[in-house]
Structure formats: structure tokens, C-alpha cells
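Peer 1: Take a look at this one; I'll ask things after.
Numbering (this note's numbering), first residue to last: 1472 to 1640.
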């Protein structure tokens, strides 16, 4: 596995997020109850949420685990953008499940993004996306302020997809 392209590995788990990056924090309810939490955790940790959102996932394992490499790609033909990442941390706990991946060489951005599902005491299932990033490629720099807008849109899209996935099961 190549080395991560940023030094702050794990910062999405152990806040605060580092300075010098764009920050993203998106949190939304996706349902209620233990069964919803279990389905959501599986969808997140076994790539189902990402695939259902329409992105291609090529992973070195069927489930998120530290060190697993993942290439996320979106687009069509020559306009397909690939983003190689490595899982930097996971959590498989009674009321919390998820992972974070960090960028590898060839990723258009530099930073880390986490996807976590939590079961609250009141039964609400929360989905949280936390990220810090900055451009690493010429085209990400060229996109400038559009990149954080696209990241927020993608976090909201993942939330909508996760809601559909947990209802469909």
C-alpha cells in the first residue's frame, strides 16, 4: 500500500479537524431502531451505500478494515475520476459502526473522510460524514470553491441513499 498523502491520519475520529483544509460535517437521521442501525452499518461497512449512490468501488476486501485499499470512481468514459484511498480506522461497536478512508497518491484531493452510523439512546439512527480535504491535483485546484459544494452534495446524497437502503431491507 502506498503512503497516505497527508500527515493527520485518524483526525476524523479524534477531533478537532486539522487546519489548512476544507472541513465537512454532515449529520442526519436515517431511521429508528436496532434493525435499522444494523442494516445501515452493513451498508456503510460493506460498500453497499457507496455502490447504491452510483459510484464504482474497487476494494481489496469485502468489508472495511484498517489497511484495506479502496478506489472510488465516478463519471463516464474519459470523464471518469478515480480516487484511491486506504482505510485508516474502523469502528464496529454496539451503537457505532463505520470507517474512514484517507487519500493515496493519485487522488484528486488530499485528506480524510469518515462515514459513521450511530444508534442513539432514543432509538434514532444517525449517519455522519466528517471530512477534511484540500486539492492535490490541478483539476481539483481549478474547481476551487466548487469542490466543497460537491462534497456537501455527495454527503446529502449518501444520506438519501442510506435511508432508501434501510427501508428496502
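We put the beta carbon where it would ideally sit given N, CA and C, even for glycine.
The structure presented is a predicted model; accordingly, all values stated were derived computationally and were not measured.
Give every residue of the same chain whose Cβ lies closer than 8 Å to the Cβ of residue 1539, excluding the five residues on either side of it in the sequence, and list them in chain order.
Peer 2: The residues are 1530, 1531, 1532, 1557 and 1558.
Peer 1: With DSSP run on the structure shown, which of helix, strand or coil describes residue 1527?
Peer 2: Residue 1527 falls in the strand class under three-state DSSP.
Peer 1: Return the Cβ separation of residue 1598 and residue 1630 in integer angstroms, given the expectation that the two are a contact with Cβ distance under 8 Å.
Peer 2: With a Cβ gap of about 6 Å, residue 1598 and residue 1630 count as contacting.
Peer 1: Taking DSSP as the reference, what is the three-state secondary structure of residue 1518?
Peer 2: Of the three classes helix, strand and coil, the one that applies to residue 1518 here is coil, per DSSP.
Peer 1: I want to know whether the segment 1508–1520 touches the segment 1612–1620 - three or more CB-CB distances under 8 Å.
Peer 2: As far as the Cβ criterion goes, the segment 1508–1520 does not touch the segment 1612–1620, which means the pair count is below three.
Peer 1: If you compare alpha carbons, which of 1497, 1550, 1527 and 1537 is closest to residue 1543?
Peer 2: Minimum Cα distance to residue 1543 is reached at 1527.
Peer 1: Start and end of the beta strand (DSSP E) containing residue 1590?
Peer 2: Segment 1580–1590, the beta strand (DSSP E) holding residue 1590.
Peer 1: Exposed or buried, residue 1589, counting other C-beta atoms within 10 Å across all chains shown (16 or more means buried)?
Peer 2: Classification of residue 1589: buried, given that the 10 Å Cβ count is 16 or more.
Peer 1: Tell me which residue opens and which closes the beta strand (DSSP E) that residue 1554 is part of.
Peer 2: Note, residue 1554: beta strand (DSSP E), 1552–1563.
Peer 1: Would you list the residues sitting across from residue 1597 in a DSSP beta bridge?
Peer 2: 1500 and 1589, per the DSSP bridge assignment.
Peer 1: Would a C-beta distance cut-off of 9 Å place residue 1591 and residue 1516 closer than the cut-off?
Peer 2: No, Cβ-Cβ distance for residue 1591 and residue 1516 is not below 9 Å.
Peer 1: Where does residue 1475 sit, in a helix, a strand or coil, going by DSSP?
Peer 2: In this structure, residue 1475 counts as coil in the three-state DSSP scheme.
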